[in-house]
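Take a look at the structure below.
Numbering (the working numbering), first residue to last: 80 to 200.
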């Protein structure tokens, strides 16, 4: 896929980077780092990611089917009927987007390493 680099493309880049409080260069570097991280996870730790995704989906399934406490917490919110679809959509995005899953996996790996250090130290 080729990217048509024109004034409109640059203006969109500038608009997004400004909204994030970054320069265009910082934004592009950030995108590159995220893409590199995703490639590393997919190529170097594919089995670890697969194991994590299975565990993650099991936990999500438990939240929605077995654990009514999560829905009770949502219902306690004044905007419960408005927030329920948001919660479900967020869950669907988080479980279906490989970029989001790889970020969650990074947190999982870092937390696992920290727990290992804490238990050995």
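Where is the CB? At the ideal position from N, CA and C, for every residue including glycine.
Note that the structure is a prediction, hence the values are computed from the model and not measured.
Cβ neighbour criterion (16 or more within 10 Å) applied to residue i
i           : result
residue 131 : buried
residue 95  : exposed
Same chain only: Cβ atoms within 8 Å of residue i, ignoring 5 sequence neighbours per side
i           : result
residue 80  : Bear in mind that the predicted position of residue 80 carries a pLDDT of just 48, short of 50, making it too unreliable to give a figure here.
residue 101 : 109
residue 190 : none
residue 128 : 120, 121, 180, 181 and 184
residue 172 : 179
Opening and closing residue of the alpha helix (DSSP H) in which residue i lies
i           : result
residue 130 : 125–140
residue 157 : Taken as a continuous stretch (DSSP letters only), residue 157 belongs to no alpha helix (DSSP H), as it is neither H nor E.
residue 178 : 177–199
residue 92  : 86–98
Own chain, CB closer than 7 Å to residue i, minus 5 neighbours either side, in chain order
i           : result
residue 99  : 106
residue 139 : 170 and 174
residue 90  : none
Cβ pair residue i, residue j closer than 9 Å
i          : j           : result
residue 92 : residue 178 : no
Same chain, Cβ closer than 6 Å to residue i, neighbours up to 5 away in sequence not counted
i           : result
residue 192 : none
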